[in-house]
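Reading through the structure tokens given below for one structure.
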Amino acid sequence: MTSQRKTAVAVGILFIVATLCPILSMLLISDALNAPDPLGAVSRSDSLVILGSLFELVMVGAILSIPIVLFPILREHGAGIARGYTAARILEAVPLALGVICLLALVTVSRESTTAPAANAPQYQTLGTLLRATRDWTTLIGGQVVFSLTALILNWALYRWRLVPRFVSGWGLVGVPLMLAGGLLATFGVLDTSSTASTVLMLPLAVQEMVFAVWLIAKGFTPPAIA
């Protein structure tokens, strides 16, 4: 297996990890975060919430690893694009990492709230609400708005230099404005991030990423583009 082929497989695996980890995390933590009493629910399910946080840390690590592994391939065609994609991925990962910290801090607050005097309950509720809101915003900004930018840079490079078949990269370029529109509409309160409309706007790019990942694992980059 050539070094380029190994790079393609590694990038494909990283994309799959970066997608699956937040899904696994939400399966673990969504019930607690959406409960009528989130602090009490998080306190009772703190192990699951911590495990979900660990999955999200793995996601952040995968996001940061993708541009590092891809850098040699992109640099062969344009050093500026390679650096820009790396910078965009860092901008995506930073708010997501902050969201993980908020989630872990919420575990601490929930534990302390169970033993605190009743008179202090409103303070803990306020702090818990602030942590949840911060996490929601970091997820929206990093995982949807900035992610759209990273996908635009990558798919434009893939399309221009034919690193993969153009139907794959072109699909990504079509999905980017939809994902970005959903993120911006949610930012200004027009859409709820959990709504069907928001999901529909995110789905094309999300599916394309998995198709791209599987293509890299199965086929690799287009040979003429890396010759």
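The working numbering numbers the first residue of the sequence shown as 276 and each following residue consecutively. Even for Gly, the Cβ is constructed at its ideal location relative to N, Cα and C. Bear in mind that the values here come from a model prediction, so they are computed numbers and not experimental data.
CA-to-CA distance, residue j to residue i, given in whole angstroms
| i | j | result |
| --- | --- | --- |
| Asp312 | Gln419 | 27 angstroms |
| Val324 | Arg364 | 25 angstroms |
| Ala500 | Trp436 | A caution first: Ala500 carries a pLDDT of 43, below 50, which makes its placement in the model too unreliable to give a value. |
| Leu345 | Pro498 | 15 angstroms |
| Leu427 | Tyr399 | 41 angstroms |
| Thr230 | Pro297 | Examination of residue 230 is not possible in this model, given that the chain is present from 276 through 502 alone. |
| Gly355 | Ile341 | 16 angstroms |
| Asp411 | Arg441 | 34 angstroms |
| Gly403 | Arg280 | 47 angstroms |
| Leu299 | Leu326 | 9 angstroms |
| Ala283 | Leu415 | 28 angstroms |
| Gly287 | Pro397 | 46 angstroms |
| Gly359 | Ala432 | 11 angstroms |
Close Cβ partners of residue i (< 7 angstroms) along its chain, the five nearest in sequence each way excluded
| i | result |
| --- | --- |
| Glu225 | Any question about residue 225 goes unanswered here, given that the chain covers just 276 to 502. |
| Gly445 | Tyr434 |
| Trp490 | Val439, Val443 |
| Ser328 | Val375, Leu378, Leu379 |
Residue closest to residue i, alpha-carbon to alpha-carbon, out of the options
| i | options | result |
| --- | --- | --- |
| Phe330 | Thr361, Val375, Asp321 | Val375 |
| Phe290 | Met485, Lys494, Trp490 | Met485 |
| Val292 | Leu427, Gly445, Ala481 | Ala481 |
| Leu349 | Leu373, Asn430, Val333, Pro397 | Asn430 |
| Leu448 | Pro397, Gln483, Leu415 | Gln483 |
| Ile304 | Thr294, Phe487, Leu415, Ser322 | Ser322 |
Sequence-distant residues of its chain with Cβ nearer than 6 angstroms to residue i (five each side left out)
| i | result |
| --- | --- |
| Leu406 | Cys377, Ala380, Leu381 |
| Ala372 | Val335 |
First through last residue of the alpha helix (DSSP H) which encompasses residue i
| i | result |
| --- | --- |
| Gly355 | 354–390 |
| Lys281 | 278–308 |
| Arg435 | 422–436 |
| Leu448 | 441–462 |
| Phe487 | 471–493 |
Cutoff 8 angstroms: residue i Cβ touching any chain B Cβ
| i | result |
| --- | --- |
| Gln419 | The structure shown has no chain B; it contains just one protein chain. |
Sequence-distant residues of the same chain with beta carbon closer than 8 angstroms to residue i, five excluded per side
| i | result |
| --- | --- |
| Met477 | Gln419, Leu453, Met454, Gly457 |
(message) Suppose only complete runs of 4+ residues qualify. What are the alpha helix (DSSP H) ranges in the stretch 394–418, listed by chain order?
(response) 396–415
(request) Starting from the N-terminal side, write out each stretch of the alpha helix (DSSP H) that is 4 residues or longer and does not extend beyond the stretch 316–355. (result) 321–350
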